[in-house]
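Colleague:
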Amino acid sequence: MTTPLAFRTPPRILIPKLVRSRDAWKAKATERKAQRKALEIRVRDLEASRDLHRQRAEQLQQQVALLEPQLAAARRPAPVPTPAPKNATDPAAGTTTSPSSTSP
351 MTTPLAFRTP PRILIPKLVR SRDAWKAKAT ERKAQRKALE IRVRDLEASR
401 DLHRQRAEQL QQQVALLEPQ LAAARRPAPV PTPAPKNATD PAAGTTTSPS
451 STSP
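As structure tokens, this is what we get:
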């Protein structure tokens with residue numbers, strides 16, 4: 351049987367590999383940390399924008415609800431005024447007076 355000391359890697363080979371591995375891990379972790387922070391900022395900004403748009407949409411919905419009855423009223427045809435029937439017993443019904451015909 352072989353002893354564990356027979357397969358041992360010398361430190362001059364092992365240490366540079368471990369250093370490279372550690373440096374690669376740190377670089378990857380730093381990159382991910384920066385990416386995470388950028389995404390957190392983006393999410394924060396998107397949530398703020400979404401809230402702003404939601405408030406604006408609710409405000410416009412209320413405005414539409416207030417203006418719809420006015421629009422419906424404006425679209426209804428105006429009633430055609432019917433002329434009042436002339437009363438034959440009323441002597442002033444057929445006469446009109448103009449301001450130029452009367453003098454003080």
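Quick note: to get the working numbering, add 350 to the position in the sequence shown (first position is 1). All residues carry an ideal CB built from backbone N, CA and C; glycine is no exception.
Look up Lys292 in the DSSP assignment and say whether it is helix, strand or coil.
Modeller: In this structure the chain extends from 351 to 454, so residue 292 is not present and cannot be described.
Colleague: Three-state secondary structure (DSSP) at Ala423?
Modeller: helix
Colleague: Mapping the DSSP letters down to three states, classify Val369 as helix, strand or coil.
Modeller: helix
Colleague: Just the Cα atoms here: how many angstroms apart are Glu418 and Val430?
Modeller: 24 Å
Colleague: Does Val430 come out as helix, strand or coil in the three-state DSSP assignment?
Modeller: coil
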